[in-house]
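Numbering of the sequence shown is given in full-length UniProt numbering, commencing with residue 1 and proceeding in unit increments.
Where a beta carbon is used, it is the ideal one built from N, C-alpha and C, also for glycine.
Note that this is a predicted model, so its numbers are computed, not measured.
Structure, as C-alpha cells:
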Amino acid sequence: MPESDGKQRQRGAHRVNGQGDGPLTTDQGVVIGQPDGSVRAGERGPTLLEDFHFREKLTHFGHERIPERVVHARGSGAYGYFEPYESCAAYTRAAFLRDPAVRTPVFVRFSTAQGPRGSADTVRDSRGFAVKFYTSEGNFDLVGSSFPVFFVQDGIKFPDFVHAFKGEPDSGMPTGASAHDTLWDFVSLQPETLHAVMWLMSDRALPRSYRMMPGYGVHTFRLVDAYGNSTFCKFHWKPLLGVHSLVWDEAQECQGRDPDFHRRDLWEAIASGEYPEWELGVQLVPEEEEFAFDFDLLDPTKVIPEEQVPVQPVGRMVLDRNPDNFFAETEQVAFHAANVVPGIGFTDDPLLQARLFSYMDTQLNRLGGPNFAQLPVNKPLAPVRTTQRDGRHQYALHSQASYTPHSLGGGCTAEPEKQEEQEEQEKPEKPESSNGVFLHHPERLGGTKTRRRSGSFADHCSQAALFWHSVGDWERRHIVEAFRFELGRVGSVAVRERGPSGAPEVTSPALSLEAARGSGSIRTRRVAVLVTDGVDARQADAVRDALKERGAVVEALGPRAGEVHGHDDGTACAVDRALPTVASVLYDAVVLPGGSGDPLAPGAGDADGHAAARFVRDAYRHGKPVAALGSGIGALAALAPEELRTAGDGGGGGTVVDHGVVTDTAVGTVTEEFVSAFADAIAAHRHWGRPRMPR
Ligand code: HDE
C-alpha cells in the first residue's frame, strides 16, 4: 500500500517485516546455529546457565506483557484520516479544522470500559471512542465515549465508580458485566449516575459494530478563534452506517460464539476495503449563553438536547488501515484528555479537570517511563523540541543544552516567546500572528476553596426521564428487561429495592435509536443463505449475487463445508461454512431458498439435529429479517406463527413482507421486487412487534 500520509511514512521507518534475509540472531546480533534446543550437559542432562540465548529468550518472553489499562483494557484500533468539510475558522484557530484541503492522519481505539484485556466484546457497557489526531500543531486527543453522558460528576468519584463496576472484591466476578451487587449498590446510593445508567440499560450499551456506534466528547469543551474568542462546544461522531444495536439475548450468545465479534468486524471491514466513516459534528453555545439552560453546561451527566442546539457537521473521519502490530500500536497507544492544540480548550467541568491529571499518571505506570511519546503510534507529526531529557527508554541522542534560556552552541533556537509577548497576543489584532502558539484561555477565576458541589448540578432525574420518554416503545421494553435481568442478578434485597422517584414527561426525539438509522445501505451486512442437498441452486446463487451486488457479505451455510447438490440435475451450490460451526447471532439476516431438500435438516456435527431450525428461530426472535423463497416458505411456516402473512397464502405470487419476514414464490431465480424488499428489511436492521414464535 502506498504511504499516503505523513503518519504512515513515519511508521514506515519503524516497520520490521519478517526476520530479514540472514539467519536468526540473539538481541546482541550473535548468529544462532540451532534455535530449537537449549544447551545441556549431555543429551538427557540438565540445561546450562551459560546458554545466553536460552536465558535471553525466556527472559524476554517473561516480560512481554505490560499492565493493562485500569479501565478500557479491551480495545481495537485502526488508522485513518480526518478532513473538515469547510473552514471552521469562525470558531477555532485549530489548523486541522481550518482548511478543507488538509487531511489529518488519525489513530482510533474503541474499547469496552469494564472488562479486562481478554474479555468479550459484546458485553453491556459504554464503549471508549478515542481519537488521536496527528495535526500539524501537535497531537489532539478526543478521548470520548459511546454515551454522551458519564456516571459521576466529579473525578474524585471515578475510582469509586470503577471499583463498584469491576468484579466483586472477593471473587473478581463477573467479568465485563454490570449485573452484580457492588455496581447496583453504588449507583442506587449515588443518584447522579441515574442518567448514564439509563443509557447502560438501553440497547445503546450493545452496539452491533464499532462501525455503527456514535461517539461523544461528553464534556463541554471550548473552541477558541484567532482573536481569543471562545465558544462552548460538545463533540459528536455520527457513523455513516447509522446507529444499530444487538439485543441482550443475542449479545450474550455472541460472547461465547465469537468473543472477538467487534474486533473481527472492524478488522475485516477495513481489510476488505469497506472503510468505516463518521461525521464529526459540534453543538456550539456562545459564551453569553452559558446560563441559558435548565442544567449546568459543566455537568457531564447532561446532554444538550439536539432540538435545542442542533449538531452542525464539520468534517468526516475514515478508517482505512489496520495496525501492523497489536501490541506496539493498539496496546501502547497513550491517549490523554489534556492533549489539545491551539484553538481547543478546556472548561471547568470537574470530571474533565480530573482527567487532565489522570491519563499521564496512569501511562507512566502502564508504559513504564516518561518517554512513551516517542513510541511510533504516539509520536506527533509536528516537530518536538523540549528540554525534557533522559528517563527510561530514551531513544533520542540529545547533545544540546537542556535548559532555557541558554547561549551555548548558538543558543536555543526554540526559545518560547516571552510571557509578556504571549499575553499581548491573547487578543491579537491579526489572526495570523497567533498561529502555532497554545494559549490557555484567559478565563477570569475567583472563589472560595470548597469541596461543595454546585447547586446547579443537583437535578439527577430530569434527563434520565427525558431519555426514557424519548426512546421508542421497543427501546423502552428492552430497558425494562435489562433492569429485570440486572437486578435479578443482585443478591442483596436492600440494594434491589432502592430506586429513584419519577420526573416530568419531556422528550428529545434525537435520543431514540429510531432517529439514527442511517442511509438505508446494506453494505457489509452479513446475510446467511441456508442450503442443503436438493436446494434450488440457481436461486441460491441468484440471491447471493443480488445481495453481494448491494454490498452485503453473503455466506451459504450448509450441513457440511464444500458444496451441496442442487435440485436440478448437474447443479451444485458452494457452501462457505458448515452450519453447525456458526450461529444466527453472527449474521444480520437469513434466507431459506427453495428446492426439494429440507433446509432445516441436520448436518454433520449438528449435535441435536436442530442447528438450522435454531438458526432461523433465533434470527426471528432477535427481530432480524428472515426471507423464504419457493418451497423454503413451507419450511419457514413450520416454525413461524400462523398469523404471519406469507406469499402463496391465497395471496398469489409476488413478494410479501410482514414484520421483516420477506417471502416470494419465485423458483429458479429471484425477482428485483424480492431483493429490494429484503434489502429494505436488512437496512431497517430489526423488526419489532412480531407475533411470538410457538415454543
Ligand atoms: Fe477515562 N481513563 N477517565 N474516561 N478513558 C482511561 O487512561 C479517567 C472518562 C476514556 O483507548 C485511563 O490510558 C478518569 C470519561 C477512554 O486507550 C485512565 C475519569 C470518558 C479511555 C482514565 C475518566 C473517558 C479511557 C485508563 C474521570 C469519556 C481509553 C488507561 C475523571 C469521555 C483510551 C488510560 C484508550 C482511559 C481516567 C472518565 C474515556 C485511568 C480519572 C468521562 C476512551 O487514565
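- [ ] Could you check which residue in E43, T122 and W237 has the C-alpha nearest to that of V247?
- [x] Within the sequence shown, the letter at position 247 stands for residue 247. Of E43, T122 and W237, the residue nearest in Cα terms is T122.
- [ ] Alpha carbon to alpha carbon, how far is V162 from A179? Give it in angstroms, no decimals.
- [x] Locating residue 179 in the sequence shown gives position 179, where the first residue counts as 1. Locating residue 162 in the sequence shown gives position 162, where the first residue counts as 1. Straight-line Cα distance between these residues: approximately 14 Å.
- [ ] Report yes if the C-beta distance between F615 and L579 is below 8 Å; otherwise report no.
- [x] If you number the sequence shown from 1, residue 615 lands on position 615. If you number the sequence shown from 1, residue 579 lands on position 579. Contact annotation: F615 and L579 have beta-carbon atoms nearer than 8 Å.
Task: Beta carbon of L351 nearer than 8 Å to that of F674 - done: Residue 351 sits at position 351 when you count from the first residue of the sequence shown. Residue 674 sits at position 674 when you count from the first residue of the sequence shown. Taking a C-beta distance under 8 Å as the contact criterion, L351 and F674 do not qualify as a contact pair.
Open item on the list: Starting from T182, trace the beta strand (DSSP E) in both directions and tell me its first and last residue.
Closed with: As a first step, residue 182 is located in the sequence shown; it is residue number 182 there, counting from the start. That residue, T182, is in no beta strand (DSSP E); its alpha helix (DSSP H) goes D181 to L189.
Task: Sequence-distant residues of its chain with Cβ nearer than 6 Å to D606 (five each side left out) - done: The residue you call residue 606 lines up with position 606 of the sequence shown. Around D606: P580.
Task: Three-pair Cβ contact test at 8 Å for the region 6 to 18 versus the region 374 to 384 - done: yes
- [ ] Would you mind stating whether D588 and R517 have Cβ atoms separated by less than 8 Å?
- [x] Reading the sequence shown from its first residue, position 588 is the one you call residue 588. Reading the sequence shown from its first residue, position 517 is the one you call residue 517. No.
Task: Contacting residues, own chain, Cβ-Cβ under 6 Å from S596 (five flanking each side not counted) - done: The residue labelled residue 596 in the question sits at position 596 within the sequence shown. Contacts found: G534 and H567.
Open item on the list: For a quick check, are the C-beta atoms of residue 710 and F457 less than 8 Å apart?
Closed with: Residue 710 is absent from the model: the chain starts at 1 and stops at 695.
Open item on the list: Quick check on V197: does DSSP put it in helix, strand or coil?
Closed with: In the sequence shown, the residue the question calls residue 197 occupies position 197. Assigned with DSSP and collapsed to three states, V197 falls in helix.
Open item on the list: Cutting at 6 Å between CB atoms, please list the residues of its own chain near R321, excluding the five before and the five after it.
Closed with: To locate residue 321, count along the sequence shown from 1; it is residue 321. Cβ within range, chain order: Y79.
Task: L364 Cβ short of 7 Å to the ligand HDE heavy atom set - done: Position 364 of the sequence shown, counted from the first residue, corresponds to residue 364. Not under cutoff, so the answer is no.
Open item on the list: Distance check for H441 and A226, CA to CA, integer angstroms please.
Closed with: Stepping through the sequence shown from its first residue, residue 226 is reached at position 226. Stepping through the sequence shown from its first residue, residue 441 is reached at position 441. So the two alpha carbons sit approximately 12 Å from each other.
Task: Within 8 Å, strictly: CB atoms of G77 and F107 - done: Sequence index remark: in the sequence shown, residue 77 carries index 77 (1-based). Sequence index remark: in the sequence shown, residue 107 carries index 107 (1-based). Their beta carbons are under 8 Å apart, which means G77 touches F107 by this criterion.
Open item on the list: Just checking: is the beta-carbon of T25 within a distance shorter than 8 Å of some beta-carbon in chain D?
Closed with: Judged by its chain identifiers, the structure shown contains no chain D, having just a single protein chain.
Open item on the list: Could you compute how far the alpha carbon of T59 sits from the alpha carbon of V564?
Closed with: Taking the sequence shown and counting its residues from 1, the one referred to as residue 59 is at position 59. Taking the sequence shown and counting its residues from 1, the one referred to as residue 564 is at position 564. Cα to Cα, T59 sits roughly 52 Å from V564.
- [ ] Go through its chain and collect everything with a Cβ distance to P370's Cβ below 8 Å, but skip five positions before and after it.
- [x] As a position in the sequence shown, residue 370 is number 370, starting the count at 1. Hits under 8 Å: L364, Q388, G391 and R392.
Task: N365 - DSSP class collapsed to helix/strand/coil - done: Taking the sequence shown and counting its residues from 1, one reaches residue 365 at position 365. In the structure shown, N365 sits in a helix (DSSP, three-state: H, G or I).
Open item on the list: Output needed for A542: all residues of its chain with C-beta closer than 7 Å, excluding positions within five of it in sequence on either side, in chain order.
Closed with: What you label residue 542 is simply residue 542 of the sequence shown in a count that begins at 1. Hits under 7 Å: T669 and V670.
- [ ] Entirely within the region 626 to 660 and at least 4 residues each: give me those alpha helix (DSSP H) ranges in chain order.
- [x] 632 to 637
Open item on the list: So, at 7 Å on beta carbons, what are the nonlocal neighbours of Q419 in its own chain, with the 5 sequence-adjacent residues on each side left out?
Closed with: In the sequence shown, the residue the question calls residue 419 occupies position 419. Interpretation of Q419 is limited by its pLDDT of 47, a score under 50 that renders its predicted location unreliable; the figure taken from the coordinates is listed afterwards. Hits under 7 Å: none found.
- [ ] Can you tell me which of S171, V30, R264 and T175 puts its alpha carbon nearest to the alpha carbon of F54?
- [x] Counting from 1 along the sequence shown, the entry for residue 54 is found at position 54. Closest option to F54, Cα to Cα, is V30.
Open item on the list: Let me check you understand the geometry: is the CB of P593 closer than 7 Å to at least one non-hydrogen atom of the ligand HDE?
Closed with: For the purposes of this step, residue 593 is identified with residue 593 of the sequence shown, where counting begins at 1. Result no, Cβ not under 7 Å from the ligand HDE.
- [ ] Evaluate the contact criterion for the region 212 to 227 versus the region 337 to 345: three or more CB pairs, one atom per stretch, below 8 Å.
- [x] yes
- [ ] Quick one: residues in its chain with C-beta nearer than 8 Å to the C-beta of L189, no 5 flanking neighbours on either side, listed in chain order?
- [x] If you number the sequence shown from 1, residue 189 lands on position 189. The residues are R498.
Task: Cβ-based burial, A205 [other Cβ within 10 Å; buried from 16] - done: As a first step, residue 205 is located in the sequence shown; it is residue number 205 there, counting from the start. Label assigned to A205: buried.
TODO: Determine the contact status of S119 and R74, defining contact as a CB-CB distance below 8 Å.
DONE: Locating residue 119 in the sequence shown gives position 119, counting from the first residue. Locating residue 74 in the sequence shown gives position 74, counting from the first residue. The Cβ atoms of S119 and R74 lie closer than 8 Å to each other.
Task: Start-end ranges of the alpha helix (DSSP H) lying completely within the region 509 to 577, minimum 4 residues - done: As far as the region 509 to 577 is concerned, its whole alpha helix (DSSP H) runs of at least 4 residues are 537 to 549.
Open item on the list: For the region 467 to 475 against the region 191 to 202, do three or more pairs of beta-carbon atoms, one drawn from each stretch, fall closer than 8 Å, so that the two count as touching?
Closed with: yes
Open item on the list: For R692 and R621, I'd like the C-alpha separation in whole angstroms.
Closed with: Here the question's residue 692 lines up with position 692 in the sequence shown. Here the question's residue 621 lines up with position 621 in the sequence shown. Using only the alpha carbons, I get a separation of about 8 Å.
Open item on the list: Please tell me whether, using a cut-off of 7 Å, the distance from the CB of R74 to the nearest non-hydrogen atom of the ligand HDE is below it.
Closed with: Counted from its first residue, the sequence shown places residue 74 at position 74. Every heavy atom of the ligand HDE is 7 Å or more from the Cβ of R74, so no.
Open item on the list: For the ligand HDE, I want to know if R355 counts as a neighbour, meaning its beta carbon is within less than 7 Å of at least one of the ligand's heavy atoms.
Closed with: As a position in the sequence shown, residue 355 is number 355, starting the count at 1. Yes, the ligand HDE has a heavy atom inside 7 Å of this Cβ.
Task: Reduced DSSP secondary structure (H/G/I, E/B, other) of P207 - done: Against the sequence shown, residue 207 aligns to sequence position 207. P207: strand per DSSP, three-state reduction.
Task: Closer than 7 Å: G144 CB and nearest the ligand HDE heavy atom - done: Start at 1 with the first residue of the sequence shown, and residue 144 comes out as number 144. True, at least one ligand heavy atom lies under 7 Å from that Cβ.
Task: Buried/exposed call for M213, threshold 16 Cβ in 10 Å - done: Position 213 of the sequence shown, counting from 1, holds the residue named residue 213. Label assigned to M213: buried.
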